[in-house]
Amino acid sequence: MRDLKIPDQRHPEKAHRPDNAQPKKPDWIRVKAPNGKGYRETHKIMREHNLVTVCEEAGCPNAGECWSQGHATMMIMGEVCTRACSFCNIATGKPPEDLDVFEPGRVADAVKKLGLNHVVITSVDRDDVEDGGAEHFAMTIRAIRKQSPGTTIEILTPDFLRCDPSVLEVVVQARPDVFNHNLETVPGLYPEVRAGARYFHSLRLLQRVKELDPTMFTKSGIMVGLGEDKQAVLQVMDDMRAADVDFLTIGQYLQPTPKHHAVDRFVHPDEFAGYEKAAYGKGFLMVSATPLTRSSYHAGDDFERLRAARLERLAQTGA
Numbered sequence: 001m002r003d004l005k006i007p008d009q010r011h012p013e014k015a016h017r018p019d020n021a022q023p024k025k026p027d028w029i030r031v032k033a034p035n036g037k038g039y040r041e042t043h044k045i046m047r048e049h050n051l052v053t054v055c056e057e058a059g060c061p062n063a064g065e066c067w068s069q070g071h072a073t074m075m076i077m078g079e080v081c082t083r084a085c086s087f088c089n090i091a092t093g094k095p096p097e098d099l100d101v102f103e104p105g106r107v108a109d110a111v112k113k114l115g116l117n118h119v120v121i122t123s124v125d126r127d128d129v130e131d132g133g134a135e136h137f138a139m140t141i142r143a144i145r146k147q148s149p150g151t152t153i154e155i156l157t158p159d160f161l162r163c164d165p166s167v168l169e170v171v172v173q174a175r176p177d178v179f180n181h182n183l184e185t186v187p188g189l190y191p192e193v194r195a196g197a198r199y200f201h202s203l204r205l206l207q208r209v210k211e212l213d214p215t216m217f218t219k220s221g222i223m224v225g226l227g228e229d230k231q232a233v234l235q236v237m238d239d240m241r242a243a244d245v246d247f248l249t250i251g252q253y254l255q256p257t258p259k260h261h262a263v264d265r266f267v268h269p270d271e272f273a274g275y276e277k278a279a280y281g282k283g284f285l286m287v288s289a290t291p292l293t294r295s296s297y298h299a300g301d302d303f304e305r306l307r308a309a310r311l312e313r314l315a316q317t318g319a
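Each residue of the sequence shown is one higher than the one before, starting from 1 at the first, in full-length UniProt numbering.
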């Protein structure tokens, strides 16, 4: 029986890799340890409903702040991922269980108890499931809609790389408010950072969402500090805009363990500000580019700003 709290068992494919030094973090990305009543209440609801959160599994630095406000990004389809990306702290290997048909209902119950105005649902990759979990995402969206009709729903999906292209339609037809799929890094780093994925497949996935439903907001993000250069980041922005992506996130990569991909450098906040300015200049409706930016950080507030930005642009163009 695997103990996922032990790093070598959590990431067996990384166990024999040489250690990468973990440099000291600069002051601008240090955060407070999680604590407080709100944090404890959120933790209690997650455990009572037997739910997994990406906040915990991926070691998000913002978990303390978000959970204290009752916000948690729920991770469906188990806690073991069939991919083994070199940057990610989620446990890897062959998932020990089938998809849990009762999970969508538990997620919906937790969303209602937390009183969320906006929820983010993500998942592990499940390459062992024929549709990659597309119907499971759709069931979760429908269950939340039934119990909390006023809650806006943002999904952060896998790439469905090994599935029939039609599975994407199943997810889009469930009508999430935001469809997010992260490119994670620049294409030149895919072989070492995201070896199980394909850059242009992920880009095309985002483009197809807009083709299936032009009104749906799309979102994608990358990490910096993995070894990319500025020109490559700007090219990714152009690629995303060509796919009509609305919302871009850029955050600092933080190395989970010595066995994971090394931090190439800590990007200064001024450089993030430059990326934000460039991205708005390229036409994104919404941009979040800071060292602590993560896909679902402040997602509810950002969704309201995203919606307002679209209305403002439509007014300007007279559409």
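Glycine is no exception: its CB is placed at the ideal position from the N, C-alpha and C atoms.
Which one of Gly274, Val178 and Val263 has the shortest CA to CA distance from Val233?
Walking along the sequence shown from the start, residue 233 turns up at place 233. Measuring from the Cα of Val233, the nearest candidate turns out to be Gly274.
What did DSSP end up calling Ser166 once you bin it into helix, strand or coil?
Translated into positions along the sequence shown, residue 166 becomes position 166. Reduced to three states, the DSSP call for Ser166 is coil.
Should Asp270 and Ser288 be called a contact, given that it needs their Cβ atoms to be closer than 8 angstroms?
Counting from one through the sequence shown, the residue named residue 270 turns up at place 270. Counting from one through the sequence shown, the residue named residue 288 turns up at place 288. It is not a contact, given that the beta carbons lie outside the stated cut-off.
Counting pairs of Cβ atoms below 8 angstroms between the stretch 210-225 and the stretch 160-180, do you hit three or more?
yes
Hey, how far is the Cα of Asp239 from the Cα of Val119?
Position 239 of the sequence shown holds residue 239. Position 119 of the sequence shown holds residue 119. Going by the C-alpha atoms only, they are around 27 angstroms apart.
How far does the alpha helix (DSSP H) with Gly105 in it reach, from first residue to last?
For the purposes of this step, residue 105 is identified with residue 105 of the sequence shown, where counting begins at 1. That run of the alpha helix (DSSP H) goes Glu103 to Leu114.
In three-state terms, what does DSSP make of Ala309?
Position 309 of the sequence shown, counted from the start, is the residue given in the question as residue 309. If DSSP states are grouped into helix, strand and coil, Ala309 belongs with the helices.
Using only alpha-carbon positions, find the residue among His268, Pro7 and Arg305 that is nearest to Phe284.
Here residue 284 refers to the residue found at position 284 when the sequence shown is read from its first residue. Of the candidates His268, Pro7 and Arg305, the one whose C-alpha sits nearest the C-alpha of Phe284 is Arg305.
Would you say the stretch 74-90 touches the stretch 240-251, given that touching needs at least three Cβ pairs under 8 angstroms?
Segments in contact, no.
Three-state secondary structure (DSSP) at Glu276?
Here residue 276 refers to the residue found at position 276 of the sequence shown. The answer is helix: DSSP assigns Glu276 an H, G or I state.
Just to check my reading of the structure: Val172 and Leu212 have Cβ atoms closer than 8 angstroms, yes? What is that Cβ distance to the nearest angstrom?
One-based indexing of the sequence shown puts residue 172 at position 172. One-based indexing of the sequence shown puts residue 212 at position 212. Right, the Cβ-Cβ distance comes to about 5 angstroms (below 8 angstroms), so this counts as a contact.
Where Arg10 and Glu130 are concerned, what is the direct C-alpha to C-alpha distance, given to the nearest angstrom?
Residue numbering aside, residue 10 sits at position 10 when the sequence shown is read from its first letter. Residue numbering aside, residue 130 sits at position 130 when the sequence shown is read from its first letter. Rounded to the nearest angstrom, the two C-alpha atoms are 24 angstroms apart.
Is it the case that the Cβ atoms of Pro214 and Gly93 are separated by a distance below 8 angstroms?
Reading the sequence shown from its first residue, position 214 is the one you call residue 214. Reading the sequence shown from its first residue, position 93 is the one you call residue 93. No. Outside cutoff.
In three-state DSSP terms, what is Lys219?
Your numbering for residue 219 matches position 219 in the sequence shown. Lys219 falls in the strand class under three-state DSSP.
Do the CB positions of residue 387 and Met139 come within less than 8 angstroms of each other?
The displayed coordinates of the chain run from 1 to 319. Any statement about residue 387 would go beyond what the structure contains.
For Gln231, which of His136, His268 and Pro187 has the nearest alpha-carbon?
On the sequence shown, residue 231 is found 231 positions in, with the first residue counted as 1. For the residues His136, His268 and Pro187, the minimum Cα distance to Gln231 belongs to Pro187.
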